[in-house]
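A short worksheet on the structure shown next.
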Amino acid sequence: EEELPEEAYEILWENIFIPWLFFDWVPYPKTMAEKAIGKQSIALKYLSENKNKLSDYEQEFIKTLSQSYYSFYVVLEIEPEKHLYLKDIFLQTEHVIKEKSGTHYLKRGDIIFARVITLNNQSIAVGMAPYLVNSRHYGLLLEYREQLEKNNHGKALAPMLLREKYNWELLDIYFEILVEK
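Mapped onto my numbering, the consecutive letters of the sequence shown carry residue numbers 2 to 182.
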């Protein structure tokens, strides 16, 4: 409901909305054939219709990204021009991201909002939000993780749970934090 600066919309459109649109949004099936296939994102529909035109890597990229989720990651370490070492605040998993430009503006303790996927033993951030989350929100994110674990009967959270049940909530949290700035 809050207004963001006009330039923020364009940046968020490219970095958050477009990946969400292609890999998460499921259009309402219009034809009987579409209904028979079931609910599919635009990317998965593209994959099913163009599989023979895509390399194995491209196919795996679409499948993997289609199963990924948004989360908050804290920067643990930076290897300039090479890697970011991140920890998923919700799943408590660590990732080494091959990254060049991000190593110039991120610092240890920064919090980013993104999807992280791993292909061929290499992790990359996709749909990374262009605005950092202030580290003062770390405690809030930990409290939210505890609440989600409580909702999950005390069990550790899993990637598909975050994707299928909490994807919208995590996006909402990011946008609420963004508006607070």
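Here a beta-carbon is modelled for each residue, glycine too, at the ideal position from N, C-alpha and C.
Check: Can you tell me which of the three DSSP states I125 falls into?; Outcome: strand
Check: Please tell me whether F24 and S42 are closer than 8 Å, where the distance is taken between their beta carbons.; Outcome: yes
Check: Go ahead and label R109 buried or exposed: buried means 16 or more other beta carbons lie within 10 angstroms of its beta carbon, across all protein chains shown.; Outcome: exposed
Check: Roughly how many whole angstroms lie between the Cα atoms of S56 and T65?; Outcome: 14 Å
Check: So which of S67, E50, Y74 and N121 has the shortest CA-CA distance to Y132?; Outcome: Y74
Check: Find the nearest neighbour of R164 within the set F91, P81, V180 and E181, judged by alpha-carbon distance.; Outcome: F91
Check: I need the DSSP call for F91, collapsed to helix, strand or coil.; Outcome: coil
Check: From S136 to L172, what does the alpha carbon distance come to, in whole angstroms?; Outcome: 17 Å
Check: Who are the Cβ neighbours of Q60 in its own chain at under 7 Å, not counting the five residues just before and after it?; Outcome: L48 and K52
Check: Using DSSP's beta-bridge definition, name the partner residues of T119.; Outcome: S124
Check: Mark L20 as exposed unless 16 or more other C-beta atoms lie within 10 angstroms of its C-beta, in which case mark it buried.; Outcome: In the sequence as presented, Leu is not what sits at residue 20; that position holds Pro. Label assigned to P20: buried.
Check: Could you check if E50 is buried or exposed, using at least 16 other CB atoms within 10 Å of its CB as the buried criterion?; Outcome: exposed
Check: Terminal residues of the continuous alpha helix (DSSP H) containing S136?; Outcome: First-last for S136: undefined, no H or E at that position.
Check: Any idea which residues DSSP pairs Y86 with across the strands?; Outcome: E78 and V97
Check: Quick check on S102: does DSSP put it in helix, strand or coil?; Outcome: coil
Check: Taking Y145 and I112 to be in contact with their CB atoms under 8 Å, please state how far apart those CB atoms are, rounded to whole angstroms.; Outcome: Actually they are not in contact, since the Cβ atoms of Y145 and I112 sit about 13 Å apart, beyond 8 Å.
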